[in-house]
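Numbering (UniProt numbering), first residue to last: 1 to 143.
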């Protein structure tokens with residue numbers, strides 16, 4: 001890698017969107033991942049669907065390991081001129097099982113809250129039952 005990386009436009013990067021010439025954008029950096037397509041654990045199709053757009057969200061949603069992130073550096077070819085990004089880029093396709101509508105975001109929020117609160121409620125109930133059991137068990141011995 002040179003001391004000052006090449007700056008590429010979105011239009012230039014988006015032309016490299018097939019199996020024999022595949023570039024992706026992640027966190028404002030451009031990577032030529034063509035040699036990695038056959039080795040990617042998720043298959044080459046996942047990577048090919050991440051071309052011609054900013055693939056940062058797709059990349060982060062998977063939760064790549066630190067070693068995978070380090071491995072990317074050998075495919076780094078330059079930085080993206082972010083001013084050339086289209087005004088509205090569709091970062092991800094909706095899942096087929098999701099219903100379309102305005103309730104999707106709020107139901108996701110409620111689900112996250114429940115995933116956080118449910119274990120706390122169960123823990124609180126277990127503590128209350130244990131305390132109640134100790135008091136009830138100790139009460140006959142006092143008389």
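For glycine and all other residues, C-beta sits at the position ideal for the given N, C-alpha and C. Predicted model only: the values in this text are computed from it and were never measured.
- Classified as exposed, residue 18 has fewer than 16 neighbouring CB atoms from the shown chains inside 10 Å of its CB.
- Ranked by how close their Cα comes to the Cα of residue 25, the residues 41, 48, 39 have 48 in first place.
- For residue 76, there is no enclosing alpha helix (DSSP H); the enclosing beta strand (DSSP E) covers residues 76–80.
- Linking residue 110 to residue 4 through their CA atoms gives a straight-line distance of about 46 Å.
- For residue 28, the number of other beta carbons within 10 angstroms of its own is below 16, and it is reported as exposed.
- Distance from the Cα of residue 50 is smallest, within the candidate group 33, 39, 63, for 33.
- Counting along the chain, residue 7 sits inside the beta strand (DSSP E) bounded by residues 6–8.
- Relative to the Cα of residue 75, the nearest Cα in the group 44, 123, 30 belongs to 30.
- Taking C-alpha positions only, residue 116 is separated from residue 63 by approximately 20 Å.
- If the five residues before and after residue 22 are omitted, its C-beta is found closer than 7 Å to the C-beta atoms of 16, 33, 34, 37, 47, 48, 51, all from its own chain and listed in chain order.
- In this structure, DSSP gives residue 24 an extended state, which the three-state scheme calls strand.
- Residue state for residue 18 is assigned as strand, using DSSP reduced to three classes.
- Shown here, residue 134 sits in a helix according to DSSP, grouped into three states.
- For residue 44, no beta strand (DSSP E) segment is defined; the enclosing uninterrupted segment is the alpha helix (DSSP H) at 44–48.
- Excluding five sequence positions before and after residue 7, the CB atoms of its chain that fall closer than 7 Å to its own CB belong to 78, 79, 81, given in chain order.
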